[in-house]
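Asks: Got a structure for you, questions after.
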Amino acid sequence: MPRDESEVGRSQTTSARPSRLTSVRIAYIVTAYTSPDQVVRLVRRLRAPDTSFVIHVDKNTDDATYERIAGPLGSLSNVHFLKRYRWRWGHFVSVRTRLTGLQEVLASDSRCDYLIAISGQSYPIKSNRYIHQFLQESGGRSFIQYFTKEAPWAGKWDERHIYWHSSWGRWHFAFPKTDIFESPAVNRVWNVLAKRVAFRRRFPAGFKPFYGSAFWCLSRECAEYVLEFTQRNRSFVRFFGRTLCPSEMFFQTILLNSTLSDRIVNDDLLYTDFSQHLAHPALLGKNDFNRFMSRSDLFARKFDATVDGEVLDMIDAAIS
0 MPRDESEVGR SQTTSARPSR LTSVRIAYIV TAYTSPDQVV RLVRRLRAPD TSFVIHVDKN
60 TDDATYERIA GPLGSLSNVH FLKRYRWRWG HFVSVRTRLT GLQEVLASDS RCDYLIAISG
120 QSYPIKSNRY IHQFLQESGG RSFIQYFTKE APWAGKWDER HIYWHSSWGR WHFAFPKTDI
180 FESPAVNRVW NVLAKRVAFR RRFPAGFKPF YGSAFWCLSR ECAEYVLEFT QRNRSFVRFF
240 GRTLCPSEMF FQTILLNSTL SDRIVNDDLL YTDFSQHLAH PALLGKNDFN RFMSRSDLFA
300 RKFDATVDGE VLDMIDAAIS
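Under numbering that gives the first Met the number 0, think of the first position of the sequence shown as 0, with each following residue one higher.
Shown next, in the form of structure tokens:
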């Protein structure tokens, strides 16, 4: 998605170069499944006064990898490990994990101001001082990328919820499956019928679907609203249990249809490179350093220290 709109929204909320660490409290919800040393490095880099972490490690991850994360971090007073769920691509477990993270933070820290969802392969590209001051000056706004199906880059995002989606083991299923006939002409007719007539799911009444990134920065007010909403709207939650990649529309749809929508900035504060037009963002390395460091984003993704660890050293040197 183009970032021009979000850059404008962000510039209205903070000064260009924050300079002093303030009392805003931040909780990071970290989801990880690989690169244990990198996860530990991420947490150590982000540790600061008034900062805490809740970490989820995919249950598919072997015990040795889990211990390489929990061993160095488990004894820290501001780090908590969540119950481990078994992640499957595109499954509702990604939403459940983040909801569990929100619950844990709000129940354990009555003074937390912001909750930030990041992955274990993200990394800050601004200093802790800058991040804290940015949020201190944001006026209580929340940051989450969003767009609708009318956006020119939206493509077939609506197919994530108009079909019935399910999974079994490593396999994902969408009902009805399209392009099942040998004839292209018959497939075209079948696909139209499957999408628009016989098998179309109805989106929850009174809600407009919004899509975007699975990563966000929510104010406590927004986080509390999300949890209260899910308690009061079980049928809404069940609907998203049969969608594809619900973490990329669940939170957006709740918040952008709420009275808090005017408190949302269209920005996830995260630099990612989708220029290769693949399903996953490109890995970032030292050759990308100047490009992402010139951005006003607070974080970047996706890094793999086993492929290019030097880039993380370069970031540390730049933001220390």
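All C-beta atoms in this analysis are idealised placements derived from N, C-alpha and C, irrespective of residue type, glycine included.
State the Cα-Cα distance for the pair VAL78 and LEU269, rounded to the nearest angstrom.
Replies: Spanning the two alpha carbons is a distance of roughly 22 Å.
Asks: Would SER141 and ILE263 qualify as a contact pair, given that the criterion is a beta-carbon distance under 8 Å?
Replies: Going by C-beta atoms, SER141 is nearer than 8 Å to ILE263.
Asks: ASP345 to GLN251, Cα distance in whole Å?
Replies: Outside the modelled stretch of the chain, which goes from 0 to 319, sits residue 345, for which no answer is possible.
Asks: Report the rounded CA-to-CA distance for THR21 versus ALA317, giving the unit in angstroms.
Replies: Residue placement at THR21 cannot be trusted, given a pLDDT of 49 that sits under 50; the coordinates are not used to answer.
Asks: Give me the Cα-Cα distance between VAL185 and THR229, rounded to the nearest whole angstrom.
Replies: Those two C-alpha atoms are separated by around 41 Å.
Asks: Taking the alpha-carbon positions, what's the PHE133 to ARG83 distance?
Replies: Approximately 32 Å between the Cα atoms of the pair.
Asks: Whole angstroms is fine: what's the gap from GLU247's alpha carbon to ILE143's?
Replies: Their Cα atoms are separated by approximately 10 Å.
Asks: Between which residues of its own chain and SER212 is the CB-CB distance below 6 Å, once the five residues before and five after are set aside?
Replies: Excluding residues within five positions, the ones whose Cβ falls inside 6 Å are GLN144 and ASP267.
Asks: Give me the Cα-Cα distance between TYR113 and PHE291, rounded to the nearest whole angstrom.
Replies: Cα-Cα distance, rounded: 24 Å.
Asks: Rounded to the nearest angstrom, what separates ILE161 and THR30 at their Cα positions?
Replies: Near 28 Å, if we compare the C-alpha coordinates of THR30 and ILE161.
Asks: Of all the alpha helix (DSSP H) runs that stay within the bounds of the region 111-159, which reach a length of 4 or more residues?
Replies: Counting only runs of 4 or more, we get 127-135.
Asks: With DSSP collapsed to three states, give me the class of VAL264.
Replies: VAL264 falls in the strand class under three-state DSSP.
Asks: In three-state terms, what does DSSP make of TYR32?
Replies: Looking at TYR32 - three-state DSSP - the assignment turns out to be coil, as it is neither helix nor strand.
Asks: State the beta-bridge partners of TRP215 as determined by DSSP.
Replies: TRP215 is bridged to ILE143.
Asks: Here's the rule I'm using: 16 or more other beta-carbon atoms within 10 Å means buried, otherwise exposed. How should ILE314 be labelled?
Replies: When all chains shown are included, ILE314 counts as buried.
Asks: Using DSSP bridges, identify the partner residues of ARG300.
Replies: Per DSSP, SER121.
Asks: For PHE306, does the three-state DSSP call read helix, strand or coil?
Replies: Here the sequence assigns Val to residue 306, which means Phe is not the residue at that position. Here VAL306 sits in coil by DSSP.
Asks: Between the Cα of ASN286 and those of PHE298, ASP307, SER274 and ARG294, spot the shortest distance and give me the residue it belongs to.
Replies: Closest option to ASN286, Cα to Cα, is ASP307.
Asks: Do you know how far the Cα of ARG300 is from the Cα of ARG201?
Replies: For ARG201 and ARG300, the distance between alpha carbons rounds to 34 Å.
Asks: Judging by CA-CA distance, which residue of TYR210, LEU255, ARG241 and ASP303 is the nearest neighbour of GLY89?
Replies: When each option's Cα is compared against that of GLY89, the closest is ARG241.
Asks: What do you reckon, are the CB atoms on ARG24 and CYS111 nearer than 8 Å?
Replies: Yes, Cβ-Cβ distance for ARG24 and CYS111 is below 8 Å.
Asks: Report yes or no: do three or more beta-carbon pairs, one from the region 98-107 and one from the region 209-227, lie closer than 8 Å?
Replies: Segments in contact, yes.
Asks: Just verifying my parser: in three-state terms, what is the DSSP assignment at THR50?
Replies: It is a strand residue.
Asks: When the Cα of ASP57 is compared with those of TYR129, THR96 and SER293, which residue comes out closest?
Replies: Nearest option by C-alpha distance: THR96.
Asks: Give the DSSP-derived three-state secondary structure of LEU243 in the structure shown.
Replies: Reduced to three states, the DSSP call for LEU243 is coil.
Asks: Please look up how many angstroms separate the CB atoms of PHE298 and ILE117, rounded, as I've assumed it's under 8 Å.
Replies: Contact flag correct, Cβ pair sits at about 6 Å.
Asks: Output the boundary residues of the beta strand (DSSP E) element that contains VAL78.
Replies: First-last of the beta strand (DSSP E) with VAL78: 78-80.
Asks: Would PHE214 be called buried (16 or more neighbouring beta carbons within 10 Å of its own) or exposed?
Replies: Classification for PHE214: buried.
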